[in-house]
């Protein structure tokens with residue numbers, strides 16, 4: 009018997025799974041046609057928040073998945089306009105991070121990762137770029153990020169925190185060119201070489 013999933017009835021009267029997508033897939037692979045479910049009366053925003061909270065509890069979650077989940081939850085929380093018991097607005101980022109044990113600042117940094125081009129986000133998920141570097145690279149334009157990705161993928165470069173800071177600085181000053189990216193990302197080799 010498969011474990012219980014959580015679902016809701018959508019506005020069009022169809023069921024939507026909130027948590028248990030993988031359990032449903034496993035049950036189907038086992039040939040089961042009926043899966044026990046708890047049906048909750050949740051709005052779309054409440055369902056998104058519940059789904060994200062369930063996903064963030066997974067043991068292995070990629071940075072890109074966490075970033076997308078936090079962004080979805082942040083949008084839902086802002087849409088609801090949640091307030092505390094004194095009717096004061098609650099800091100959305102702090103509220104979003106509470107269930108996963110992350111600070112509002114950490115949530116904001118994860119959400120920034122959604123500004124990375126997909127190829128850089130993939131490199132982050134693969135551990136070829138660390139989290140802090142990934143956050144710094146989000147401040148570059150899409151074209152500038154492509155230049156960085158090209159240097160990394162060609163195998164000629166890796167990006168350290170100081171390199172990412174320099175890239176961000178040059179970009180902010182309007183001085184970042186493709187050649188500047190190549191020079192900055194090859195500084196490490198020159199220093200150690």
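Residue numbers (our numbering): 9 to 201.
From the three backbone atoms N, C-alpha and C, an ideal C-beta is built for every residue, glycine too.
Between the alpha carbons of residue i and residue j, how many angstroms are there, rounded?
i: residue 186; j: residue 80; result: 33 Å
i: residue 72; j: residue 39; result: 32 Å
i: residue 18; j: residue 75; result: 25 Å
i: residue 95; j: residue 60; result: The predicted position of residue 95 is uncertain, since its pLDDT is 46 and thus under 50; no value can be drawn from it.
i: residue 193; j: residue 170; result: 10 Å
i: residue 143; j: residue 133; result: 13 Å
i: residue 84; j: residue 191; result: 42 Å
i: residue 49; j: residue 139; result: 37 Å
i: residue 135; j: residue 70; result: 10 Å
i: residue 29; j: residue 178; result: 44 Å
i: residue 122; j: residue 116; result: 10 Å
i: residue 183; j: residue 195; result: 17 Å
i: residue 181; j: residue 11; result: 55 Å
i: residue 110; j: residue 174; result: 28 Å
i: residue 66; j: residue 106; result: 15 Å
i: residue 86; j: residue 68; result: 27 Å
i: residue 99; j: residue 113; result: 11 Å
i: residue 35; j: residue 41; result: 8 Å
Please name the residue, chosen from the options, that lies closest to residue i on a Cα-to-Cα basis.
i: residue 55; options: 77, 180, 140, 106; result: 77
i: residue 108; options: 167, 134, 87, 58; result: 58
i: residue 159; options: 47, 173, 128; result: 128
i: residue 52; options: 42, 21, 30; result: 21
i: residue 23; options: 183, 106, 137, 43; result: 43
i: residue 137; options: 163, 114, 41; result: 163
Cβ atoms of residue j and residue i: under 8 Å apart, would you say?
i: residue 161; j: residue 145; result: no
i: residue 26; j: residue 16; result: yes
i: residue 148; j: residue 176; result: yes
i: residue 46; j: residue 32; result: no
i: residue 152; j: residue 189; result: yes
i: residue 154; j: residue 125; result: yes
i: residue 82; j: residue 101; result: yes
Within the 8 Å Cβ cut-off, does residue i reach chain D?
i: residue 149; result: The structure shown contains no chain D; it holds only a single protein chain.
Report the CB separation of residue i from residue j in whole angstroms; it is logged as a contact under 8 Å.
i: residue 167; j: residue 141; result: 5 Å
Review point. If you scan the segment 129-183 from start to end, which runs of the alpha helix (DSSP H) of 4 or more residues do you find wholly inside it?
Key: Along the segment 129-183, the alpha helix (DSSP H) occurs as fully enclosed runs of 4 or more residues at 139-145, 150-161, 169-180, listed in sequence order.
Quick check on the DSSP output: what are the complete beta strand (DSSP E) runs of length 3 or more inside the segment 38-92, in order along the chain? 45-48
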